[in-house]
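Protein chains in written order, with the working numbering: chain A, 15 to 253; chain B, 4 to 211. Quick reminder that beta carbons are idealized off the backbone N, C-alpha and C, glycines included. What you are looking at is a predicted structure, and each value in this text was computed from that prediction instead of being measured. So the structure is just underneath, and the comments pick up after that.
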């Protein structure tokens, strides 16, 4: 895997990716709820080699008082990667990246949670990345959304997050670590599966209009599959 | 039928939205995870978990979280703390000397006196049996499972008290105070955990 940006062959002559997936395929995903018994709601998402745990506490009194909003609750989201989650040890604590992801996750979830039902209170969402293999922000948002529903927090919809990107000039869905590191673009999206609305979008790198459209379609298609798994987890295998 | 947030529950022309259901563009939509109920007029959701929302005259167990010179802040397991003014406290305390009456972390049995429009509530300890809890153990149950845990007309609770020779006080915020001999408390706690698990299972299955 040596070599510079863009010169690594990651799609073979048959159009298959390094892990044997077709460009539109998503990594396998497993979701489980109730993994943290003391939390009000929790979920574990195993997505490829990613493993994410999300726990929700509240609604509770918001402290310090200066963060209280008189007309609605505040979502206090904390995204954190465990020091052992990657091969290079991560220095514990907040950093620029985790602050950014916590912020975008909170904004994506705020658009579905009925915060106005709990004025002046706080809902705490903790997302811990146990094992990271590209796409942890998407796995984190998906896990947090399931944990919120599991905690009985009223929401208009679940949020499914998934990313597509460009590798060797080919648009592929749900990038793995190598594709993320050596690929040319990355387009993570947060999608409301029942309405198809978008609550979160970021883009790294460049995509043409055509490529953007393809990545969008891949994300939408993957979101509906992931939503099935989320619903199955929440309904106890009765989806 | 079990539902997840965002699930479409049909047209709003025939049925009214109940708990955990909203109407969007003429369609009923679930906003909570749980079991759907339909009585022919209204469609609702019995959620898997609910937060306790205080109502006047509720008997609750709270923990002292903090205080000012003349007010205690009480965690009653609701999204908002209750306040306990010095004048409604358990004993005569002096302005600024609240800590000598109730300190942070103390558990109290109190009653909700009033709930204001902005959801904040006022608790009182003036009343029969309302006091600071100095012995025993406090367990928590989801408030919506209380009915199933205590059983029809309190049958489970009566059996539990008799079997373990303990005094048990069930409060509206889902906290249960068990007092008596240590062996009895331990036995009652174990039995209560079993009842809670059974209540969760029957609630989720939708047993009557």
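Taking 8 Å as the CB threshold, residue 167/B stays off the interface with chain A. The three-state secondary structure of residue 55/B, taken from DSSP, is coil. Using a Cβ-Cβ distance cut-off of 8 Å, the segment 139 to 151 of chain A and the segment 93 to 102 of chain A are in contact, since at least three pairs of beta carbons, one from each stretch, lie closer than that value. The beta carbon of residue 235/A is closer than 8 Å to those of 38 and 187 in its chain, skipping five residues each way along the sequence. The contact set of residue 134/A on chain B, defined by CB atoms closer than 9 Å, consists of 82, 83, 121, 122 and 123 in chain order. With a threshold of 16 other beta carbon atoms within 10 Å, residue 77/A falls short and is exposed. Sequence-ordered contacts of the segment 17 to 45 of chain B with chain A read 23, 25, 27, 32, 34, 35, 36 and 37 [C-beta pairs closer than 8 Å]. Non-local C-beta neighbours of residue 50/A in its own chain, meaning closer than 6 Å and more than five positions away in sequence, comprise 56 and 69, ordered along the chain. Around the C-beta of residue 175/A, 16 or more other C-beta atoms lie within 10 Å, and the residue is accordingly described as buried.
For residue 176/B, the closest C-alpha among the options 84/B, 103/B and 26/B is that of 84/B. Counting only Cβ-Cβ distances below 9 Å, residue 97/A has no contacts in chain B at all, with the closest Cβ about 32 Å away. Chain B places no beta carbon closer than 8 Å to that of residue 150/A, leaving this residue out of the contacts.
For the segment 5 to 16 of chain B, the set of positions with a beta-carbon nearer than 9 Å to some beta-carbon of chain A reads 5, 6, 7, 8, 9, 10 and 11 in chain order.
Within the same chain, and ignoring the five residues on either side of residue 40/A in sequence, the residues whose Cβ sits closer than 8 Å to its Cβ are 176, 187, 188, 236, 239 and 240.
Residue 62/A is outside the set of residues whose beta carbon lies under 8 Å from a beta carbon in chain B. Every unbroken stretch of the beta strand (DSSP E) spanning 3 or more residues and falling wholly within the segment 112 to 179 of chain B is given here in chain order: 124 to 127, 134 to 136, 140 to 143 and 169 to 173. Using a Cβ distance threshold of 8 Å, residue 30/B and residue 14/B count as a contacting pair.
With respect to chain B, the C-beta atom of residue 54/A has a partner C-beta closer than 8 Å. When 118/A, 74/A, 111/A and 227/A are compared, the shortest CA-CA separation from residue 165/A is found for 74/A. Note on geometry: alpha-carbon atoms of residue 63/B and residue 115/B lie some 7 Å from one another. Contact annotation for residue 50/B against chain A: 166 [CB-CB distance below 8 Å, chain order].
When Cβ pairs closer than 8 Å are counted between the two stretches, the segment 103 to 115 of chain B is seen not to touch the segment 153 to 160 of chain A, the count staying below three.
Every beta strand (DSSP E) of 3 residues or more that sits fully in the segment 86 to 111 of chain A is shown, in chain order, as 88 to 95. Close to residue 207/A, with beta-carbon spacing below 9 Å, are these residues of chain B in chain order: 9. Note that the C-beta distance between residue 139/A and residue 90/A is below 8 Å.
In the assembly as shown, residue 84/A is an exposed residue. Its beta-carbon has fewer than 16 other beta-carbons within 10 Å.
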